[in-house]
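Numbering (my numbering), first residue to last: 4 to 228.
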């Protein structure tokens with residue numbers, strides 16, 4: 004389905020899933036958003052508040068898409084508080100997609116930066132050997148671990164969770180695990196999305212080993228281009 008990406012489409016929230024105490028996934032119907040490429044994003048308008056850039060989460064149902072949001076500032080908290088039956092405005096998609104390599108891959112996601120990593124997993128080839136790193140502050144903030152394992156069930160893979168406080172998985176920052184893995188493995192591609200300091204360190208570590216690396220960056224913008 005084609006439409007002007009700068010046209011704001013009004014969508015009705017059909018389902019809300021609580022991922023953690025501070026993270027929710029909002030599911031809606033939109034053929035365009037359901038088929039965006041990994042690394043692309045949408046501009047989401049919350050009536051009466053503002054709009055913000057959001058990566059588009061996959062949905063198990065055809066023609067549906069989702070946004071996974073952490074309440075933080077006024078706009079993200081406004082989106083977090085949207086209920087079933089309420090409306091949001093969506094325009095896009097914008098941005099470039101990842102250049103997906105084949106072979107031994109490392110995906111690094113922190114917080115809601117996991118969203119494009121999860122979408123990227125749906126493009127993995129059958130013989131790819133994939134390692135997914137999930138970074139969180141604590142056990143209560145871990146999500147999408149089971150989904151990542153399920154999407155990779157037919158691939159050689161491992162999903163590693165790190166928490167800053169050590170309440171779940173490996174203790175420490177996720178970039179500590181990135182450093183360990185790039186020292187021990189020769190990855191064909193490294194992909195990351197999350198807090199900018201995490202992405203910066205991941206890109207630096209990959210470059211130091213001569214590895215192909217790409218990061219997905221979302222920033223507030225008004226023009227959407």
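Cβ coordinates follow ideal geometry from the N, Cα and C atoms, glycine included.
- Going by beta carbons, residue 82 and residue 112 fall outside the 8 Å limit.
- Sorting 92, 42, 51, 66 by C-alpha distance to the C-alpha of residue 117 places 42 at the top.
- Within its own chain, the residues whose Cβ lies closer than 7 Å to the Cβ of residue 18, once the five positions on either side in sequence are excluded, are 30, 87, listed in chain order.
- Measuring C-alpha to C-alpha distances from residue 190 to each of 78, 103, 144 identifies 103 as the nearest.
- In this structure, residue 66 sits away from residue 100, with a CB-CB distance that is not shorter than 8 Å.
- When only Cα atoms are considered, residue 97 and residue 174 end up about 36 Å apart.
- Residue pairing from DSSP places residue 53 in a beta bridge opposite 49.
- Here residue 213 is exposed, its C-beta having fewer than 16 other C-beta atoms within 10 Å.
- No Cβ-Cβ contact shorter than 8 Å links residue 72 with residue 62.
- Shown here for residue 123: same chain residues with a beta carbon closer than 8 Å to its own, the five before and five after excluded, namely 41, 42, 101, 103, 110, 194 in chain order.
- Each of 187, 45, 186, 146 was checked against the Cα of residue 172, and the nearest Cα belongs to 146.
- Residue 133 is not a Cβ neighbour of residue 148, given a cutoff of 8 Å.
- Across the set 169, 75, 93, 58, the C-alpha of 93 shows the shortest separation from the C-alpha of residue 9.
- For residue 125, the closest alpha carbon among the candidates 210, 150, 114 is that of 150.
- Between residue 205 and residue 178, the gap from beta carbon to beta carbon is short of 8 Å.
- In the three-state scheme derived from DSSP, where H, G and I count as helix and E and B as strand, residue 198 is classed as coil.
- Here the alpha carbons of residue 39 and residue 209 stand approximately 26 Å from one another.
- According to the DSSP secondary-structure assignment, residue 181 is paired through a beta bridge with no residue.
- The three-state secondary structure of residue 101, taken from DSSP, is coil.
- Counting only runs of at least 4 residues, the stretch 17–83 fully encloses the following alpha helix (DSSP H) elements, listed from N- to C-terminal order: 77–83.
- Of the other Cβ atoms in all chains shown, fewer than 16 fall within 10 Å of the Cβ of residue 168; this residue is therefore exposed.
- Residue 186 and residue 47 have their C-alpha atoms some 39 Å from each other.
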